[in-house]
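Chemist: This structure is in structure tokens; I'll ask about it shortly.
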């Protein structure tokens, strides 16, 4: 009798850099323009003023967030380069100390002393692999993608723009600022809850909890802005 063996499917999730950028941009894009629109509504601004202020904020916010993502990614590249150069110097100048570090790492993973010596001998024949090993297992650093900085900037900025138009759209479509405000609350809170749910599912955390946390943060930000505007106004 032939036994059918189903291939093993890994259920682990590793959040990609793109997903992380989308989360960063969309979260702020939904929250900040929502809070701004609520604050302007609280002081009795017209829909035209809310829309103008919202568009200006989306433009400035997307640029600032995109630039922040670019600089962060460039910083990762520079940090990796500096650390790799340092590891190369250590492999060349203090190989005995580096061998001890490798041996300790391999010991922590349960390799025997004999197996560790074989690995060390192989590394001495291939210093490039030796440095790669130290970068990953000693420092926990992965080699950054060269185009990562521009991709990160574009992804964050675009996600911010998409998120920012959601709370602003009711003010664009409706003439009455009061009606637009209440519609914006409903639409944005729904979007926050849905986004939080999807984010939780994608990252492998409880989707319901992620949904409620995202909605709560956005709602509190808008409520605080509205209350402060009403108090000052």
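In this note's numbering, the protein residues as written are 246 to 478. Positions of the beta carbon are idealized from the N, C-alpha and C atoms, including for glycine. From a predicted model like this one, the values you see are computed outputs, not experimental measurements.
#1: Identify whether residue 303 lies in helix, strand or coil by the three-state DSSP scheme.
#2: Considering Cα atoms alone, identify which of 343, 359, 400 is closest to residue 372.
#3: Give me the Cα-Cα distance between residue 293 and residue 287, rounded to the nearest whole angstrom.
#4: What is the DSSP secondary structure of residue 266, counted as helix, strand or coil?
#5: Measure the alpha-carbon distance for residue 381 versus residue 387 and round it to whole angstroms.
#6: Kindly indicate the opening and closing residues of the alpha helix (DSSP H) around residue 397.
#7: Does DSSP put residue 386 in a helix, a strand or coil?
#8: Exposed or buried, residue 353, counting other C-beta atoms within 10 Å across all chains shown (16 or more means buried)?
#9: Please state if the CB of residue 328 and the CB of residue 384 are separated by a distance shorter than 7 Å.
#10: Return the residue from the list 428, 277, 262 that minimises the CA-CA distance to residue 303.
#11: Got a sec, what are the start and stop residues for the alpha helix (DSSP H) residue 349 sits in?
#12: Using DSSP with H/G/I as helix, E/B as strand and the rest coil, what is residue 289?
#13: Since residue 451 is in the alpha helix (DSSP H), which residue starts that stretch and which ends it?
#14: On a Cα-Cα basis, can you pick out the residue from 425, 409, 420, 477 that is closest to residue 272?
#15: If you measure between the beta carbons of residue 471 and residue 398, is that distance less than 7 Å?
#16: Going by CA-CA distance only, name the one from 321, 390, 455, 368 that's closest to residue 348.
#17: Pick out whichever of 393, 417, 364, 400 has its Cα sitting closest to the Cα of residue 323.
#18: Would the stretch 297-313 and the stretch 430-443 be scored as touching if the rule is three or more Cβ pairs under 8 Å?
#19: Within its chain, find whatever has a CB closer than 8 Å to the CB of residue 290; leave out the 5 residues flanking it on each side and keep chain order.
#20: Output the boundary residues of the alpha helix (DSSP H) element that contains residue 377.
#21: How long is the line joining the alpha carbons of residue 441 and residue 375, rounded to whole angstroms?
#22: Can you tell me whether residue 255 is buried or exposed? The criterion is at least 16 other CB atoms within 10 Å of its CB, across all chains shown.
#23: Excluding the five sequence neighbours on either side, which residues of its own chain have a C-beta within less than 8 Å of the C-beta of residue 391, listed in chain order?
#24: Would you say residue 266 and residue 401 are within 7 Å of each other, going by their C-beta atoms?
Modeler: Here's the rundown:
#1: Three-state DSSP puts residue 303 in a helix.
#2: 343
#3: 14 Å
#4: helix
#5: If I take the Cα positions, the gap works out to 6 Å.
#6: Where residue 397 is concerned, the enclosing alpha helix (DSSP H) stretches over 393-418.
#7: Residue 386 falls in the coil class under three-state DSSP.
#8: exposed
#9: yes
#10: 277
#11: 340-353
#12: Note: residue 289 maps to coil in three-state DSSP.
#13: Residue 451 -> no alpha helix (DSSP H), and no H or E assigned at all.
#14: 409
#15: no
#16: Taking the Cα of residue 348 as reference, the smallest distance to any Cα among 321, 390, 455, 368 is reached at 368.
#17: 393
#18: Contact fails between the stretch 297-313 and the stretch 430-443, because fewer than three Cβ pairs, one in each stretch, are under 8 Å apart.
#19: 298, 422
#20: 372-378
#21: 42 Å
#22: Confidence in residue 255 is poor, its pLDDT being 47 and thus under 50, which makes the residue's placement unreliable; the coordinate value appears in the next sentence. Burial call: exposed.
#23: 322
#24: yes
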